[in-house]
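For what it's worth, the numbering used here labels the leading residue of the sequence shown as 32, then goes sequentially.
Working notes for the structure below.
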Amino acid sequence: MSTIHQPFSPPHRVVDRTQAAIVIPTFNAASHWAHLCVGLRLQGIAPSQVLIVDSSSDDGTRELAANEGYEVVRIDCSDFNHGGTRQSALDWVPWARVVVYLTQDAVLATPDSLDRLLSAFDDEDVAAAYGRQLPRLGAGPIESHARLFNYPPQSDVRDFESRHTLGIKATFLSNSFSAYRVDALREVGGFPSDVIMAEDALVTGKLLLAGWKAAYVADAQAYHSHAFTIAEEFRRYFDTGVYHRKELWLTEWLGNPGGEGKRFVSSELAFLAPRYLHLVPYALLRNLAKAIGYQLGLREAKLGAGWSKRFSYHKRYWDRSSADPESRERVSLIRS
32 MSTIHQPFSP PHRVVDRTQA AIVIPTFNAA SHWAHLCVGL RLQGIAPSQV LIVDSSSDDG
92 TRELAANEGY EVVRIDCSDF NHGGTRQSAL DWVPWARVVV YLTQDAVLAT PDSLDRLLSA
152 FDDEDVAAAY GRQLPRLGAG PIESHARLFN YPPQSDVRDF ESRHTLGIKA TFLSNSFSAY
212 RVDALREVGG FPSDVIMAED ALVTGKLLLA GWKAAYVADA QAYHSHAFTI AEEFRRYFDT
272 GVYHRKELWL TEWLGNPGGE GKRFVSSELA FLAPRYLHLV PYALLRNLAK AIGYQLGLRE
332 AKLGAGWSKR FSYHKRYWDR SSADPESRER VSLIRS
């Protein structure tokens, strides 16, 4: 993994690196550990600022983390939730003014990746920021395009008015490499304790509604991408449909995501056609699977929990009987 490094001299900060905690949820992360640690070491931060929240790994992940000097908290695998686990982590880093979230397979690309991300908070109205995700080494054309489409080279800052031009895309943010102002995060109630996915976009939507801004920092870079199969794409987009159905306030306030899907397909075909024409039928089939999965997800209440769990990428979610009541209460509170 290589990139051209340009020297970066961060200005005087409202929030500096010593006030930032890095939280990384892990599960059997040993195969990713060497690359993950290289990226963290590049940042020159104190190991005590890194918190590993491990879901009872059995491959030595906790031992590897302890050897690096990181703080390690073990939770039961069945207790992990994308939102709830990240929210609970705040209680283990009470000193932090900013919390940075990474996933175990995200590799910080340059020595200034963290500094550049934190620089977004020099604007006191910014409550959340996320960096640019680059295709991992060996990524194929379809996998690479997805990263180039969602993470362009231009930075931007969004507020609630951005919904007029970006629609629901205004809430886009990825906890694979993100940061939040802790006071603002707590002000809007933090991450939900039970959400199927997209806890990052959900919180961003609440922050924008509350008058805060969200920043995309293209110069803060990490390597992170996935080669999902067609079946996995179907399941992921089924869960996206479930998420949008349960969080109706998002589409009511920000608009339907259909236009963004059409823009992605057009961009992907234009990207593939010149050099990878043989991949176009496969790409079309993937996009058809996404569309079917999404539409079924919107109708999960009619399908019932049994079929929904079969279709879902995040199957443990369907074992949580409180998911529906909590989502309805959360929407009601936000819209009141």
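Think of the CB as a built atom: it goes at the ideal place given N, C-alpha and C, for glycine as much as any other residue.
Please read all numbers here as calculations on a predicted model, not as lab measurements.
Fill in: Cβ separation of A201 and L239, assumed to be a contact under 8 Å, to the nearest whole Å
Residue mapping note: residue 201 aligns to position 170 of the sequence shown, counting from 1. Residue mapping note: residue 239 aligns to position 208 of the sequence shown, counting from 1. Cβ atoms of A201 and L239 come within 8 Å of each other, at about 7 Å.
Item to complete: Taking only the alpha-carbon atoms, compute the straight-line gap between T196 and G290 and give it to the nearest angstrom.
Response: Position 165 of the sequence shown holds residue 196. Position 259 of the sequence shown holds residue 290. If you take the alpha carbons of T196 and G290, they lie about 12 Å apart.
Worksheet item: Which first and last residues belong to the alpha helix (DSSP H) in which V234 is found?
Response: As a working note, residue 234 is residue 203 in the sequence shown. Residues 230 to 240.
Worksheet entry | Nearest-angstrom Cα separation, counted from Q80 out to A60 | Position 29 of the sequence shown, counting from 1, holds the residue named residue 60. Position 49 of the sequence shown, counting from 1, holds the residue named residue 80. Going by the C-alpha atoms only, they are around 19 Å apart.
Practice prompt. With a 10 Å radius around its C-beta and 16 neighbouring C-beta atoms as the bar for buried, classify H176 as buried or exposed.
Written response: Residue mapping note: residue 176 aligns to position 145 of the sequence shown, counting from 1. H176 comes out buried.
Practice prompt. Taking R128 as part of the beta strand (DSSP E), name the residues at either end of that continuous run.
Written response: Residue mapping note: residue 128 aligns to position 97 of the sequence shown, counting from 1. No beta strand (DSSP E) holds R128; DSSP gives it neither H nor E.
Fill in: Rounded straight-line distance, which links the Cα of R267 to that of Q185
Position 154 of the sequence shown, counted from the first residue, corresponds to residue 185. Position 236 of the sequence shown, counted from the first residue, corresponds to residue 267. Distance between the alpha carbons of Q185 and R267: 27 Å.
Fill in: Contained alpha helix (DSSP H) runs [length at least 4] in the region 161 to 201, N- to C-terminal order
172 to 181, 194 to 197
Worksheet item: For A249 versus R167, is the C-beta distance shorter than 8 Å?
Response: Here the question's residue 249 lines up with position 218 in the sequence shown. Here the question's residue 167 lines up with position 136 in the sequence shown. Contact flag unset, no.
Worksheet item: With burial defined as no fewer than 16 other Cβ atoms inside 10 Å of the residue's Cβ, what is the status of L95: buried or exposed?
Response: Taking the first residue of the sequence shown as position 1, residue 95 is located at position 64. Looking at its Cβ environment, which holds 16 or more other Cβ atoms inside 10 Å, L95 is buried.
Worksheet entry | Rounded distance between the beta-carbons of A159 and T235, thought under 8 Å | Position 204 of the sequence shown, counting from 1, holds the residue named residue 235. Position 128 of the sequence shown, counting from 1, holds the residue named residue 159. Rounded, the Cβ-Cβ distance is 6 Å, consistent with contact.
Worksheet entry | V157 beta carbon less than 8 Å from that of A246 | By one-based count along the sequence shown, residue 246 stands at place 215. By one-based count along the sequence shown, residue 157 stands at place 126. Result yes, Cβ atoms of A246 and V157 sit closer than 8 Å.
Practice prompt. Please name the residue, chosen from N206, S209, A314, that lies closest to A258 on a Cα-to-Cα basis.
Written response: Within the sequence shown, the letter at position 227 stands for residue 258. Residue A314 holds the alpha-carbon nearest to the alpha-carbon of A258 among N206, S209, A314.
Worksheet entry | Cβ-based burial, D350 [other Cβ within 10 Å; buried from 16] | Counting from 1 along the sequence shown, the entry for residue 350 is found at position 319. When all chains shown are included, D350 counts as exposed.
Item to complete: Would you check if there are 3 or more beta carbon pairs closer than 8 Å linking the region 260 to 275 to the region 319 to 332?
Response: yes
Worksheet item: Does the separation of the CB atoms of H66 and M228 fall below 8 Å?
Response: Working through the sequence shown from its first residue, we reach residue 66 at position 35. Working through the sequence shown from its first residue, we reach residue 228 at position 197. Not a contact, by the Cβ cut-off of 8 Å.
Practice prompt. Could you please give the first and the last residue of the uninterrupted alpha helix (DSSP H) stretch that includes T92?
Written response: The residue labelled residue 92 in the question sits at position 61 within the sequence shown. Per DSSP, T92 belongs to the alpha helix (DSSP H) from 92 to 98.
Item to complete: Within its chain, find whatever has a CB closer than 7 Å to the CB of H345; leave out the 5 residues flanking it on each side and keep chain order.
Response: Here residue 345 is taken as the residue at index 314 of the sequence shown, counted from 1. Hits under 7 Å: I227, M228, D270.
Worksheet item: How far does the alpha helix (DSSP H) with D270 in it reach, from first residue to last?
Response: Here residue 270 refers to the residue found at position 239 when the sequence shown is read from its first residue. D270 -> alpha helix (DSSP H) spans 261 to 277.
Discussion item. Within 8 Å, do at least three Cβ pairs link the region 144 to 154 to the region 278 to 292?
Written reply: no
Fill in: Selected residue, minimal CA-CA separation from T260, among I173, T57, I53, L233
Stepping through the sequence shown from its first residue, residue 260 is reached at position 229. With distances taken between Cα atoms, T260 lies closest to I173.
Worksheet item: DSSP on Q252, reduced to helix/strand/coil?
Response: Translated into the one-based positions of the sequence shown, residue 252 becomes position 221. Residue state for Q252 is assigned as strand, using DSSP reduced to three classes.
Discussion item. Residues in the same chain with beta-carbon distance under 7 Å from R359, minus the five sequence neighbours each way, listed in chain order, please.
Written reply: In the sequence shown, residue 359 corresponds to position 328, counting from 1. Its pLDDT being 35, under 50, R359 is placed unreliably by the model, and the measurement read from it follows with that caveat. Excluding residues within five positions, none has a Cβ falling inside 7 Å.
Discussion item. Determine whether the beta carbon atoms of V188 and R128 lie at a separation below 8 Å.
Written reply: Taking the sequence shown and counting its residues from 1, one reaches residue 188 at position 157. Taking the sequence shown and counting its residues from 1, one reaches residue 128 at position 97. Going by beta carbons, V188 and R128 fall outside the 8 Å limit.
Worksheet item: Does the distance from the CB of A304 to the CB of V296 come in under 8 Å?
Response: Here residue 304 corresponds to residue number 273 of the sequence shown, with the count starting at 1. Here residue 296 corresponds to residue number 265 of the sequence shown, with the count starting at 1. In this structure, A304 keeps its C-beta atom at 8 Å or more from the C-beta atom of V296.
Worksheet item: Which residues bound the alpha helix (DSSP H) around D146?
Response: Mapped onto the sequence shown, residue 146 falls at position 115. Per DSSP, D146 belongs to the alpha helix (DSSP H) from 144 to 149.
Fill in: Sequence-distant residues of its chain with Cβ nearer than 6 Å to T92 (five each side left out)
Here residue 92 corresponds to residue number 61 of the sequence shown, with the count starting at 1. The residues are T57, A60, A61, D85.
Worksheet item: Along the chain, where does the beta strand (DSSP E) that runs through D85 open and close?
Response: As a working note, residue 85 is residue 54 in the sequence shown. Unbroken beta strand (DSSP E) run through D85: 81 to 85.
Practice prompt. Give every residue of the same chain whose Cβ lies closer than 6 Å to the Cβ of K237, excluding the five residues on either side of it in the sequence, and list them in chain order.
Written response: Working through the sequence shown from its first residue, we reach residue 237 at position 206. Around K237: V219.
Worksheet item: Under the rule that 16 or more other beta-carbon atoms within 10 Å means buried, what is G337, buried or exposed?
Response: Numbered from its first residue, the sequence shown carries residue 337 at position 306. G337 comes out exposed.
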